[in-house]
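The structure under discussion appears below in the form of structure tokens.
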Amino acid sequence: MVCQIRTERELNMALNRAGSNLSVLYVSSPMCGPCKYMTPYFEYLCEEHSDVQFLKVDVTDSVDDFVELFHTTGIPAFYYFCNGKEIDCFAGGSKDYLLESLTKNKLRCSRY
């Protein structure tokens, strides 16, 4: 299940819970066309990769302007974390690239 994140505190707690497992934070908006395209695929990947923590933040629903911490230049955006540290990110609506980056970062995180 994708975990909804609204604050920096919630994000930090989720990353601590994940420990050395990979976490993926999906930054989106319900008004964004590419986000509407990517959301069902992100949820599908969550079901297929139970060893990864999937997180989602809606830029219209977050508080404390915590989304600004990520300096997001566009949405949808995907941030990868391992051991609580950001290890990769990308913005865009490519399902193929999302799967490729997920696979790459799972391997990368397993080496930490």
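According to the UniProt record's numbering, numbering within the sequence shown proceeds without interruption in unit steps and concludes at 112.
Cβ atoms here follow ideal geometry from the backbone N, Cα and C, with glycine treated the same way.
Looking at the unbroken alpha helix (DSSP H) that takes in Cys32, where does it start and where does it end? Neither: Cys32 is in no alpha helix (DSSP H) and is coded neither H nor E.
Hey, is the stretch 79-89 in contact with the stretch 12-25, meaning 3+ C-beta pairs nearer than 8 Å? yes
CB of Val52 within 9 Å of CB of Ser23, strictly: yes
Can Leu102 and Glu8 be called in contact, C-beta distance under 9 Å? no
So, at 6 Å on beta carbons, what are the nonlocal neighbours of Ala77 in its own chain, with the 5 sequence-adjacent residues on each side left out? Val27, Ala91
Reference Gly33, options Gly93, Lys104, Leu98, Leu11, closest by Cα: Gly93
Runs of 3 residues minimum, wholly inside the stretch 10-85: which ones carry the beta strand (DSSP E) assignment? 23-28, 53-58, 77-82
Quick one: residues in its chain with C-beta nearer than 6 Å to the C-beta of Phe54, no 5 flanking neighbours on either side, listed in chain order? Val2, Val24, Cys46
Determine the burial state of Leu98: buried for a count of at least 16 other Cβ atoms within 10 Å of its Cβ, exposed for fewer. buried
Sorted by chain position, which residues of the same chain lie with C-beta nearer than 8 Å to Asn12's C-beta, five sequence neighbours on each side aside? Gly84
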